[in-house]
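2 protein chains.
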Amino acid sequence: MAPPHPADDVTEHVGYRLKRAAAALRGAMDKALREHGLTVPQYACLELLDERPGLSNAELARGTFVTRQSMNVVLRGLQDADLISRPATTDHGRALPAHLTERGRERLHVARSAVYAIERTMVEALPRRRLAALLTDLDRMAEALGG
Amino acid sequence: MAPPHPADDVTEHVGYRLKRAAAALRGAMDKALREHGLTVPQYACLELLDERPGLSNAELARGTFVTRQSMNVVLRGLQDADLISRPATTDHGRALPAHLTERGRERLHVARSAVYAIERTMVEALPRRRLAALLTDLDRMAEALGG
DNA sequence: TTCCCCATGTCAAAATCCTGACATGGATGA
DNA sequence: TCATCCATGTCAGGATTTTGACATGGGGAA
């Protein structure tokens, strides 16, 4: 019964593997999305807005794991490109609900196919039975760390 | 036989879960290492150098999934803090081998305990049998993406 | 009502990282 | 030998992200 840590090699640790996989995914998405004129945070933002229209800046930030300030500049970029729309003011509260424009929806749909191809490559690389377990394991780790 | 993608919900995708887990880990390490005066890339660099002394800038960059240029500034910071040493010139070749100083080794050892505690939290959050499979799955995905 | 607390949006400054580029040293093949 | 190619270290510039801070709006408790 070997203890989970410390392993004899740093590259054997879970954190290292996690970072490696995340870096590989990020790199692949970066490259694919560049051809569509989008960055990874921008794409994540569009995808989230397509699924849940009306999300605010802070909510989008939490959903994409960045700070409010970072998401703010992302939204500005998307707004300048006419991919999303956001009211200047609101009747109730302070949160400004964002929505996809028609251009945004179209752009998302074409970029999505490229991203889904990447994800399919990832998923097909592992045994089909293992996928569900992998997802729950990732969730468990994230929750354990307060993610 | 449902296709692996597209799922009905973006947050169900592997990429999203992967990013979430990686972000949670990054945040926890960030917070823990700050108390030791280290950033995550700096810690990763020290850990790699402790295991394989003499690694060059480019090798360290590949090992930590950043660019040569980024690793260069990390090394400068570590050098200014007297945590690593690097010769100004070399007899053979162009790569400059880096080594931990005594201070660097000490700093690494105390920071390591904090990081290992985080990783232990992560590992203990999932069934013990699942760990090995998780590691190989992460590797498979990374390799499939050319990581 | 009024006060306090929290969340939100935003600004400014700094830190971090990446892209593009260039010069150097070694190795490979003609 | 020499020329070409690859990897490395480094510089400059810009883009992205974060930290810190501040003002505003809403909700809850006294």
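From first to last, the protein sequence lines stand for chains A and B. All residue numbers for the first sequence refer to this note's numbering, where the first residue is 1 and numbers rise by one. All residue numbers for the second sequence refer to this note's numbering, where the first residue is 148 and numbers rise by one. Glycine residues also receive a C-beta, built at the ideal position from the N, C-alpha and C atoms. For clarity, every value in this text was computed on a predicted model and none was experimentally measured.
TODO: Could you check which residue in A:Ala-114, A:Leu-48, A:Cys-45 has the C-alpha nearest to that of His-36 of chain A?
DONE: Closest option to His-36 of chain A, Cα to Cα, is A:Ala-114.
Open item on the list: So if DSSP puts His-99 of chain A in a beta bridge, which residue, or which two residues, is it bridged to?
Closed with: A:Ser-85, per the DSSP bridge assignment.
Task: Closest by C-alpha distance to Gln-79 of chain A, when choosing among A:Leu-145, A:Leu-46, A:Ala-32 - done: The shortest Cα separation from Gln-79 of chain A among A:Leu-145, A:Leu-46, A:Ala-32 belongs to A:Leu-46.
Open item on the list: Can you check whether the C-beta of Val-161 of chain B is within less than 8 angstroms of a C-beta belonging to chain A?
Closed with: With 8 angstroms as the cut-off, Val-161 of chain B counts as an interface residue toward chain A.
Task: the segment 199–206 of chain B / the segment 158–169 of chain B touching (three or more Cβ pairs under 8 angstroms) - done: The segment 199–206 of chain B vs the segment 158–169 of chain B: no contact.
- [ ] Note down, in chain order, all residues in the segment 269–292 of chain B with a beta-carbon under 9 angstroms from any beta-carbon belonging to chain A.
- [x] Close to chain A, meaning a Cβ-Cβ distance shorter than 9 angstroms, are the following residues of the segment 269–292 of chain B: Met-269, Val-270, Glu-271, Ala-272, Leu-273, Pro-274, Arg-275, Arg-277, Leu-278, Ala-280, Leu-281, Leu-282, Thr-283, Asp-284, Leu-285, Asp-286, Arg-287, Met-288, Ala-289, Glu-290, Ala-291, Leu-292.
Task: Closest residue to Arg-77 of chain A among A:Pro-41, A:His-92, A:His-109, A:Ser-56 (Cα-Cα distance) - done: Looking at the sequence provided, one finds Gly at residue 77 of chain A rather than Arg. For the residues A:Pro-41, A:His-92, A:His-109, A:Ser-56, the minimum Cα distance to Gly-77 of chain A belongs to A:Pro-41.
TODO: Please report how far the alpha carbon of Ala-28 of chain A lies from the alpha carbon of Thr-136 of chain A, in whole angstroms.
DONE: Distance between the alpha carbons of Ala-28 of chain A and Thr-136 of chain A: 24 angstroms.
TODO: Using a Cβ-Cβ cut-off of less than 9 angstroms, list which residues of the segment 211–245 of chain B approach chain A; keep chain order.
DONE: Residues passing the 9 angstroms Cβ filter: Thr-211, Phe-212, Val-213.
TODO: Could you pull out every residue in the same chain whose Cβ sits closer than 7 angstroms to the Cβ of Arg-103 of chain A, ignoring the five residues on either side in sequence?
DONE: A distance below 7 angstroms between beta-carbons, with the five flanking residues on each side excluded, links Arg-103 of chain A to the following residues of its chain, in chain order: Asp-82, Leu-83.
Task: Cβ neighbour criterion (16 or more within 10 Å) applied to Ala-149 of chain B - done: In this prediction, Ala-149 of chain B has a pLDDT of 43, which is less than 50 and means its spatial position is unreliable; nothing more can be read from the coordinates.
- [ ] May I ask you to report which of helix, strand or coil DSSP gives His-109 of chain A?
- [x] When secondary structure is reduced to three states using DSSP, His-109 of chain A falls in the helix class.
Open item on the list: Against Ala-24 of chain A, what residues of chain B qualify as contacts under a CB-to-CB distance less than 9 angstroms, listed in chain order?
Closed with: Within chain B, the residues near Ala-24 of chain A are Phe-212, Met-288, Ala-289, Glu-290, Ala-291, Leu-292, Gly-293, Gly-294.
Task: Interface partners of Leu-195 of chain B on chain A, CB under 7 angstroms - done: What Leu-195 of chain B touches in chain A: Val-10.
Open item on the list: Considering Cα atoms alone, identify which of A:Thr-67, A:Leu-145, A:Val-123, A:Val-66 is closest to Ala-198 of chain A.
Closed with: This structure cannot settle anything about residue 198 of chain A, because the visible part of chain A is limited to 1 through 147.
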